[in-house]
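Below is one structure, written out as structure tokens; comments come after it.
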Amino acid sequence: MNYISLQVLGAATSNFSVNNKLGEGGYGEVFKGELQDGNEIAVKRLSANSTQGFNELKNEIVLANKLKHKNLVQLLGVCLQEKLLVYKYMPNGSLDTILFDPEKANQLDWTKRKGIISGIARGLLYLHEDSRLKVIHRDLKPSNVLLDDVDMNPKISDFGLSRAFGGDQSIDITKRPVGTLGYMSPEYAYCGQVSTKSDMYSFGVIVLEIVTGRRNNRSLEDNNTAARSLLSYVWDKWSAGTTHEVVDPSLRGRYLEGEVVSCVRIGLLCVQEDPSARPDAAEVVLMLDSHSTSITMRTPSRPAFCFTEPGVVNPALGYHGTRDANAMATGHLPTPGSDNEVTISDLQPR
């Protein structure tokens, strides 16, 4: 791990000038910088008064030393004086800033979108199976997927909340779920059950967002029907055999219908209510490989958080029907353990 002085990073970012600021969140701020050798960097400064931020810093440093893959963001160094993390700069920013911007979404043609889906899947395959550790990301979402400056290849970022499993461990239980509503699987959000299938649920939501160009934390209305989550919207179109109607209009019909249907199927399979019914990352990579004939895609069932009758109780997961389902699916469920209505945390700022 490279240790970089505060003086060097101050000079690189014009003393953390507001003109260099790339973004800000509960974790802190991100600044663009340029080192003396000309390399552009992104410097994440974690909140100085956040205990959780320091724990995230330590976690990310430990994992960064052990995780190396083309679809993971590259951590270049750290400054412990001011809790600063230094990454390779990604000119295209995060996936959400392009995908959900009507003026930029057309930069993502279907080939790029499919490549992003495949790259995220391969990054997860490395985290879950191919690295020295089995790592669960726990906060996979479009804002934590960065795009490089060449072909917009995806880089999974922000491992501050990630959890590494040892040996044959496959499931863990936590009393403090962390992550972002709308991307959290039901068994994790309500019961604290963490596994690789939790990440696969988040991946499925992202796949459906990439295909549709719509956020999952917005209620959707279609033909004056009741507001629904993205999952319900896509499921209804899939069930009616009109999957083509969910495709992002910014693509203007320029896509391969078979590939779109395949990606929607994968997305729906990944957001199944039963974790065992979701494919793992290896299966998804095979399904995305157009040259692969070694795997047969299953037919998805109704996804999690997609209910039609109010008051339905799921005894396995412990939540109640339409209100909880729709709220969890769209990311608008106020919970006792949440600082706000989006992120579940342990009452400390991220």
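So the sequence shown is numbered by full-length UniProt numbering: it starts at 1 and just counts up by one.
All C-beta atoms in this analysis are idealised placements derived from N, C-alpha and C, irrespective of residue type, glycine included.
- Task: Would you list the one or two residues that DSSP bridges to Arg-45?
- Result: As a first step, residue 45 must be located in the sequence shown, where it is residue number 45. Glu-29, Leu-84, per the DSSP bridge assignment.
- What residues in its chain sit with their C-beta under 7 Å from that of Glu-257, if we drop five residues either side in the sequence? Position 257 of the sequence shown holds residue 257. Cβ neighbours of Glu-257 within its own chain (closer than 7 Å, five residues either side excluded): His-244.
- Query: Does the Cβ of Arg-252 have 16 or more other Cβ atoms within 10 Å, making it buried, or fewer, making it exposed?
  - Reply: As a working note, residue 252 is residue 252 in the sequence shown. Per the 10 Å Cβ criterion, exposed.
- Query: Any idea what DSSP makes of Lys-141, helix, strand or coil?
  - Reply: Along the sequence shown, one-based indexing puts residue 141 at 141. Coil, per DSSP.
- Could you say if the segment 145-164 and the segment 60-70 meet the contact criterion of at least three C-beta pairs nearer than 8 Å? yes
- Message: Out of Gly-204, Arg-215, Ser-239, which one is the CA nearest neighbour of Glu-273?
- Response: Translated into positions along the sequence shown, residue 273 becomes position 273. Residue Gly-204 is the option with its Cα nearest to Glu-273.
- Could you tell me which residues DSSP pairs with Gln-193 in its beta bridges? Counted from its first residue, the sequence shown places residue 193 at position 193. Paired residue(s): Ile-173.
- Relative to the C-alpha of Lys-112, which residue among Asn-92, Gln-169, Phe-165, Ser-195 is closest? Start at 1 with the first residue of the sequence shown, and residue 112 comes out as number 112. Nearest C-alpha to Lys-112: Asn-92.
- From this set, Asp-236, Ser-195, Leu-230, Tyr-89, which residue's C-alpha is nearest Arg-278's C-alpha? For the purposes of this step, residue 278 is identified with residue 278 of the sequence shown, where counting begins at 1. Comparing Cα-Cα distances from Arg-278 to each of Asp-236, Ser-195, Leu-230, Tyr-89, the minimum goes to Ser-195.
- Query: Can you tell me the Cα-Cα spacing of Asp-109 and Pro-249, whole angstroms?
  - Reply: Start at 1 with the first residue of the sequence shown, and residue 109 comes out as number 109. Start at 1 with the first residue of the sequence shown, and residue 249 comes out as number 249. Going by the C-alpha atoms only, they are around 11 Å apart.
- Message: Are the CB atoms of Leu-63 and Ser-162 within a distance shorter than 8 Å?
- Response: Counting from 1 along the sequence shown, the entry for residue 162 is found at position 162. Counting from 1 along the sequence shown, the entry for residue 63 is found at position 63. A contact, by the Cβ cut-off of 8 Å.
- Item | 8 Å contact criterion, which Val-78 and Met-1 should meet: CB distance rounded | By 1-based counting over the sequence shown, the position of residue 78 is 78. By 1-based counting over the sequence shown, the position of residue 1 is 1. The Cβ separation is near 6 Å, so the contact holds.
- Query: Who are the near neighbours of Glu-60 in its chain, counting only those whose CB is closer than 6 Å to its CB and skipping five residues on each side?
  - Reply: Walking along the sequence shown from the start, residue 60 turns up at place 60. For Glu-60, where only same-chain residues beyond five positions count, the Cβ hits under 6 Å are Phe-159, Gly-160.
- Message: Please list the terminal residues of the continuous beta strand (DSSP E) segment that includes Lys-104.
- Response: Numbered from 1 along the sequence shown, position 104 holds the residue referred to as residue 104. Per DSSP, Lys-104 belongs to no beta strand (DSSP E) and is neither H nor E.
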